[in-house]
């Protein structure tokens, strides 16, 4: 049985299975794929969250190989993006992120690093939750993350 919850305040629709099982994200590279459970997953109001320290997955991603990221409806029905780190030819770690994908508009993303010699270190899909809120202490806008799925890349 599928049930749908609507958070009207932010017009955010998220799907969940009757069993309460969080969605999985698939990472693929060089002809191999792996499904990842969320390392963190919360309800729509971010009041009931669970953490899974054993959820990060590993996948061999050779230098210069694109990473395919596929998310199910339960993730794509809210805004999401991919945060990633890679090492360039000089060994320097670079942190970056994909564009933000609006709700219900995209289920996949191909992460291609700038240079063929760059090596992916990690990638994380982040699904956003409720609308951004102003942090009264810092005056900065915060974007609450509802769920995250982590890939640690290995190299041959």
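Residue numbers (mature numbering (1 follows the signal peptide of the UniProt record, and there is no 0)): -20 to -1, 1 to 136. Heads up, the beta-carbon is just placed ideally off N, CA and C, and yes, glycines get one too.
Item: Backbone CA spacing between residue 44 and residue 116 [nearest angstrom]; Value: 43 angstroms
Item: Beta-carbon gap between residue 137 and residue 42 smaller than 8 angstroms; Value: Residue 137 is absent from the structure shown; the chain starts at -20 and stops at 136.
Item: Alpha-carbon spacing of residue 125 relative to residue 69, whole angstroms; Value: 32 angstroms
Item: Residue 25 versus residue 81: straight-line alpha-carbon distance, rounded; Value: 20 angstroms
Item: Burial state of residue 85, where buried means 16 or more other Cβ atoms lie within 10 Å; Value: exposed
Item: The alpha helix (DSSP H) enclosing residue 53, as first and last residue numbers; Value: 53 to 56
Item: Buried or exposed (CB count within 10 angstroms, at least 16 for buried), residue 22; Value: buried
Item: Runs of beta strand (DSSP E) lying entirely within the region 12 to 80, each at least 3 residues, in chain order; Value: 12 to 16, 20 to 22, 29 to 31, 37 to 40, 47 to 50, 60 to 67 and 73 to 77
Item: Cα-Cα separation, residue 55 to residue 128; Value: 10 angstroms
Item: Option nearest residue 97 by Cα separation, candidates 77, 76, 135 and 103; Value: 135
Item: Reduced DSSP category for residue 132 - H, G, I as helix; E, B as strand; rest coil; Value: strand
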